[in-house]
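Trainee:
Protein chains: 2
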Amino acid sequence: MDSKQKILIKFGERVREIRKEKGLSQEELAHIADLHRTYIGMIERAEKNITLINIEKIANALEVKINNLIN
Amino acid sequence: MDSKQKILIKFGERVREIRKEKGLSQEELAHIADLHRTYIGMIERAEKNITLINIEKIANALEVKINNLIN
DNA sequence: TGAATGCTAACTATAGTCTGTTGTTTAAGA
DNA sequence: TCTTAAACAACAGACTATAGTTAGCATTCA
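One line per chain: the protein sequences are X and F, in this order.
Residues in the first sequence are numbered consecutively from 1, following the working numbering.
Residues in the second sequence are numbered consecutively from 1, following the working numbering.
Below, the structure written as structure tokens:
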């Protein structure tokens with residue numbers, strides 16, 4: 001995942017935005033979503049091309065629709 | 001990817017539905033989306049956990065919003 | 001300082017590619 | 001009808017690329 005793709009950047013920004021709105025740390029979000037601390041960081045920095053199942057996990061953890069993270 | 005996840009099943013069904021509406025074969029869709037023939041089949045059968053970049057490729061190829069494929 | 005995040009590197013699990021074969025429609029011709 | 005062929009999709013297996021895990025240390029910032 002070099003040369004970061006626009007859609008991953010948008011997604012990461014949105015996750016970070018909502019996470020902060022909720023007053024969660026990356027570690028707390030990771031715990032709720034059952035993912036690893038550093039992985040959340042990588043997603044927010046658009047360093048990984050996230051899969052649909054993990055998109056859903058994060059949306060659930062943030063209590064938003066997937067729509068809200070992508071469009 | 002055994003024990004297929006609901007969200008992947010929904011996604012696959014939706015891709016197949018729209019693909020057929022457009023009168024495209026899996027091979028034609030694959031070509032437009034720049035993905036492999038058999039991979040489109042696997043996605044429609046919910047056998048693979050698709051990544052965000054490929055979700056976007058398929059949405060573009062089908063000329064729909066990602067929303068349309070997920071929610 | 002301490003809590004949160006960034007970053008690296010090494011690892012393992014699996015996404016995604018590719019070739020080939022089998023099975024299933026569908027349509028045309030006798 | 002009944003075949004036959006051609007187009008399409010399912011499936012298997014072997015492979016390569018990369019998603020996702022984890023630990024440890026560096027950096028940032030309140």
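Beta carbons: idealized from backbone N, C-alpha and C, even for Gly.
Taking the alpha carbon of residue 61 of chain F as the point to measure from, which residue in F:10, F:9 and F:28 has its own alpha carbon closest?
Mentor: Ranking the options by Cα distance to residue 61 of chain F, first place goes to F:28.
Trainee: Just to confirm before moving on: does the CB-CB distance between residue 51 of chain F and residue 32 of chain X stay below 8 Å?
Mentor: Cβ atoms of residue 51 of chain F and residue 32 of chain X: not closer than 8 Å.
Trainee: Where residue 22 of chain F and residue 37 of chain X are concerned, what is the direct C-alpha to C-alpha distance, given to the nearest angstrom?
Mentor: Straight-line Cα distance between these residues: approximately 42 Å.
Trainee: Can at least three beta-carbon pairs, one atom from the stretch 40 to 49 of chain X and one from the stretch 2 to 16 of chain X, be found at a separation below 8 Å?
Mentor: Segments in contact, yes.
Trainee: On a CA-only basis, which of F:66, F:54, F:6 and F:17 is nearest residue 34 of chain F? Give me that one, please.
Mentor: Per the Cα distances, F:54.
Trainee: Excluding the 5 residues flanking residue 18 of chain X on each side, which residues of the same chain have their C-beta closer than 8 Å to its C-beta?
Mentor: Taken in chain order, the residues that qualify are 62, 64, 68 and 69.
Trainee: Using 8 Å for Cβ pairs, my map puts residue 66 of chain F next to residue 56 of chain F. What's the rounded Cβ distance?
Mentor: Correct: roughly 7 Å between the Cβ atoms.
Trainee: When you compare only the Cα positions, how much space is there between residue 59 of chain F and residue 30 of chain F?
Mentor: So the two alpha carbons sit approximately 12 Å from each other.
Trainee: Determine whether the Cβ of residue 44 of chain X lies closer than 8 Å to any Cβ atom of chain F.
Mentor: For residue 44 of chain X, the answer is no, since every Cβ of chain F falls outside 8 Å of its Cβ.
Trainee: Tell me which residues share the same chain as residue 9 of chain X and place their Cβ nearer than 8 Å to its Cβ, disregarding the 5 neighbours each side in the sequence.
Mentor: Result list for residue 9 of chain X: 46, in chain order.
Trainee: Which residues does DSSP list as the beta-bridge partners of residue 38 of chain X?
Mentor: According to DSSP, residue 38 of chain X bridges with nothing at all.
Trainee: Give me the chain X residues within the contact set of residue 24 of chain F, using Cβ-Cβ distance strictly less than 9 Å, ordered along the chain.
Mentor: Per Cβ cutoff of 9 Å: no residues; residue 24 of chain F is ~21 Å from chain X at best.
Trainee: Using a Cβ-Cβ distance under 8 Å, would residue 65 of chain X count as near chain F?
Mentor: For residue 65 of chain X, the answer is yes, since a Cβ of chain F falls inside 8 Å of its Cβ.
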